[in-house]
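Remarks on the structure that follows.
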Amino acid sequence: MTTSTETNDLLDALAKVLLRCALLGILLLLLWSGICAFAGDLVYGIHGKLFDLTRHELCLIHYCGLAFTKICVLLFFLFPYIAIRLVLRKRS
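Residues in the sequence shown are numbered from 970 upward in steps of one, following my numbering.
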C-alpha cells in the first residue's frame, strides 16, 4: 500500500509543477501579446532597424512565436496535467 501512496504523492507533486508551468506559460503569452499590442511601435523601432525587418515581417514572427508557445504550453504542460488529474481521480 505504501507504494500506491507514494505513487499518488509523486503524481500529485508532478501535477502541481505542471500546473504552475502552464500558468507561467499563459502569463508569458499574455505579457508578450500585451507588449505587441500596446508597445508595437517601440518593439518595431528596436527590432525592425536592428534586423532590417518590415512591420509585416515582425508581426508575422510574433504571431508565429505566440502560436508556437501556445501549442507548447498546451502539449507539454496542460494536457499532461489533465491526464495526471484524471488518473488520480480514477485511483481514488
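All residues carry an ideal CB built from backbone N, CA and C; glycine is no exception.
Contact check for Ala991 against Phe1048 fails: the beta carbons are separated by 7 Å or more. Ser1061 sits in coil when the DSSP states are folded into three classes, being neither helix nor strand. Considering only His1031, Lys1039 and Lys1059, the residue with the shortest C-alpha distance to Ala1008 is His1031.
Residue burial is scored here from C-beta neighbours: Val1042 has at least 16 other C-beta atoms within 10 angstroms and is therefore classed as buried. Contact between the region 980 to 989 and the region 1025 to 1040 is absent, with fewer than three C-beta pairs closer than 8 Å. At the C-beta level, Leu998 and Tyr1050 stay beyond 7 Å of one another. The continuous alpha helix (DSSP H) containing His1025 extends over residues Arg1024 to Val1042. In the three-state reduction of the DSSP assignment, Ala1008 falls in the coil class, being assigned neither a helical nor a strand state.
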